[in-house]
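The numbering of the sequence shown is full-length UniProt numbering, which starts it at 1 and goes up by one. We put the beta carbon where it would ideally sit given N, CA and C, even for glycine. Okay, structure first, notes after.
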Amino acid sequence: MTPILILSGKGKTGRRVAAQLDARKVPYRLASRSSEQPFDWYDESTWAATIAGADTAYLAPPVGPTGLAQAGKFIQQADGLRRLVLLSGRGVGSPGRDFAVYDGQLDLENVVKASSLDWTIVQPAWFAQGFSEDFLRYHVLASEIRLSAGTGAEAWIDTDDVGDVMTTALLDETYTGRTIPISGPRPLTMTEIADVLSAATGRPISYVDLDPEAHVAELVEQGLTPEDADAVRDLFAVIRNHRSEYVSDGVEQVLGRPPRDFADWAYETAKSGVWAE
1 MTPILILSGK GKTGRRVAAQ LDARKVPYRL ASRSSEQPFD WYDESTWAAT
51 IAGADTAYLA PPVGPTGLAQ AGKFIQQADG LRRLVLLSGR GVGSPGRDFA
101 VYDGQLDLEN VVKASSLDWT IVQPAWFAQG FSEDFLRYHV LASEIRLSAG
151 TGAEAWIDTD DVGDVMTTAL LDETYTGRTI PISGPRPLTM TEIADVLSAA
201 TGRPISYVDL DPEAHVAELV EQGLTPEDAD AVRDLFAVIR NHRSEYVSDG
251 VEQVLGRPPR DFADWAYETA KSGVWAE
């Protein structure tokens, strides 16, 4: 079997896809700046050698408008690839749920669909691991989740479930030509998230609902560029405007089992010590 190419193989989803392929003894090849064949989204001279010999690829695009545009250019130049599984985002292109923050992702989805590749697009909800492996971890450690999500809810998904769905889509070509939205089993507000994390960690954690512009100001003070801070605000605006308060059944459709609940994930994650003071 030709090794499956994992682009952004050191990211949250790429690592999990690699682990699943390992468990199934399916060969794969990671592509990153530090891989044997260096790959850089922003250095097009690295692209052709990375693609050479690959048939199927998993693509988790870089964040931000520039990164998404580069991923689109990569797909247009991906001579030799036959099949692609793309990580996108839930709500992208959905009627009545369009936000400007999704424009770059929608453009990328359209590039994939217009290509000659056999494609599958997976659209997950927000990752629960954002609270343990990303910037939201520091909010938990500070016992105060300071965001501009209002009273809106999101059906947070365990990234392990995302990796399982991606791996199945890579190995089962019956998913070709399908867009698969996936989420956790229930929407939770940030106040409910704080309550779950309080119970899991054994210490009080509160949610502070920031005004969107105050949120931007805090992010800039923490070191983000104004452009990146605006992008974070706009992502949380999707939740703030109650556009994520629905469940997508893609995990059950693909894996034949329900997705893991946020509370189950939080209690198990707390045992790892990631939130220990």
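- Within the same chain, show all residues whose beta-carbon is closer than 6 Å to that of Ala153, passing over the 5 residues directly before and after it, in chain order. By 1-based counting over the sequence shown, the position of residue 153 is 153. For Ala153, where only same-chain residues beyond five positions count, the Cβ hits under 6 Å are Pro187, Leu188, Thr189, Glu245.
- Selected residue, minimal CA-CA separation from Asp22, among Ser272, Leu106, Asp164, Ser115: Counted from its first residue, the sequence shown places residue 22 at position 22. Ranking Ser272, Leu106, Asp164, Ser115 by Cα distance to Asp22 puts Asp164 first.
- Chain-order list of residues whose beta-carbon lies under 6 Å from that of Ser88 (same chain, five-residue window excluded): Reading the sequence shown from its first residue, position 88 is the one you call residue 88. Within the same chain, Ser88 has close Cβ partners Gln105, Glu109, Ile121, Gln123.
- Message: Please give the ranges of any beta strand (DSSP E) in the region 159-196, keeping only runs that are unbroken, at least 3 residues long and fully inside the region.
- Response: Runs found: 179-182.
- Evaluate the contact criterion for the region 7-17 versus the region 162-176: three or more CB pairs, one atom per stretch, below 8 Å. Because the criterion of three Cβ pairs below 8 Å is met, the region 7-17 and the region 162-176 touch.
- Member of Arg90, Leu117, Leu170 whose CA lies at the smallest distance from the CA of Ala155: Taking the sequence shown and counting its residues from 1, one reaches residue 155 at position 155. Taking only the C-alpha atoms, the option nearest Ala155 is Arg90.
- Using beta-carbon positions only, say whether Ala270 and Thr176 come within less than 8 Å of one another. Against the sequence shown, residue 270 aligns to sequence position 270. Against the sequence shown, residue 176 aligns to sequence position 176. No, the pair does not count as a contact, with Cβ atoms beyond the cut-off.
- Task: Kindly indicate which three-state DSSP category Phe131 falls into: helix, strand or coil?
- Result: Here the question's residue 131 lines up with position 131 in the sequence shown. Judged by DSSP in its simplified three-state form, Phe131 adopts helix.
- Using the C-alpha atoms, what's the distance from Arg240 back to Ser132? Against the sequence shown, residue 132 aligns to sequence position 132. Against the sequence shown, residue 240 aligns to sequence position 240. The straight-line gap from Cα to Cα measures roughly 22 Å.
- Since Leu147 contacts His215 with CB under 8 Å, what's their CB separation in whole angstroms? The residue you call residue 147 lines up with position 147 of the sequence shown. The residue you call residue 215 lines up with position 215 of the sequence shown. With a Cβ gap of about 7 Å, Leu147 and His215 count as contacting.
- Task: Under 6 Å Cβ to Cβ from Ser115, same chain only, skipping five residues before and after it: list those, please.
- Result: The residue labelled residue 115 in the question sits at position 115 within the sequence shown. Result list for Ser115: Ile75, in chain order.
- Query: In the structure shown, what three-state DSSP assignment does Ala31 receive?
  - Reply: What you label residue 31 is simply residue 31 of the sequence shown in a count that begins at 1. Residue state, collapsed to three classes: strand.
- Residue burial classification, Pro226 (beta-carbon count within 10 angstroms, cutoff 16): The residue you call residue 226 lines up with position 226 of the sequence shown. Classification of Pro226: exposed, given that the 10 Å Cβ count is below 16.
- Item | Val247 versus Gln129: straight-line alpha-carbon distance, rounded | Residue 247 sits at position 247 when you count from the first residue of the sequence shown. Residue 129 sits at position 129 when you count from the first residue of the sequence shown. A straight line joining the alpha-carbon of Val247 with that of Gln129 spans about 18 Å.
- Query: Exposed or buried, which one is Thr56 when buried takes at least 16 other CB atoms within 10 Å?
  - Reply: What you label residue 56 is simply residue 56 of the sequence shown in a count that begins at 1. The residue is buried, with at least 16 neighbouring Cβ atoms inside 10 Å.
- With DSSP collapsed to three states, give me the class of Ile205. Position 205 of the sequence shown holds residue 205. Here Ile205 sits in coil by DSSP.
- Glu213 versus Ser143: straight-line alpha-carbon distance, rounded: Here the question's residue 213 lines up with position 213 in the sequence shown. Here the question's residue 143 lines up with position 143 in the sequence shown. Looking at the backbone, the Cα of Glu213 and that of Ser143 are separated by about 22 Å.
- Query: Taking Cβ positions, are Pro61 and Arg29 nearer each other than 8 Å?
  - Reply: Residue numbering aside, residue 61 sits at position 61 when the sequence shown is read from its first letter. Residue numbering aside, residue 29 sits at position 29 when the sequence shown is read from its first letter. No.
- Task: Tell whether a beta-carbon distance below 8 Å holds between Asp140 and Trp275.
- Result: In the sequence shown, residue 140 corresponds to position 140, counting from 1. In the sequence shown, residue 275 corresponds to position 275, counting from 1. A small fix is needed here, since residue 140 is Val in this sequence, not Asp. Contact annotation: Val140 and Trp275 have beta-carbon atoms nearer than 8 Å.
- Would you please state the rounded distance, in angstroms, between the beta carbons of Thr13 and Ala31? I believe it to be under 8 Å. Counted from its first residue, the sequence shown places residue 13 at position 13. Counted from its first residue, the sequence shown places residue 31 at position 31. Contact flag wrong, Cβ pair sits at about 14 Å.
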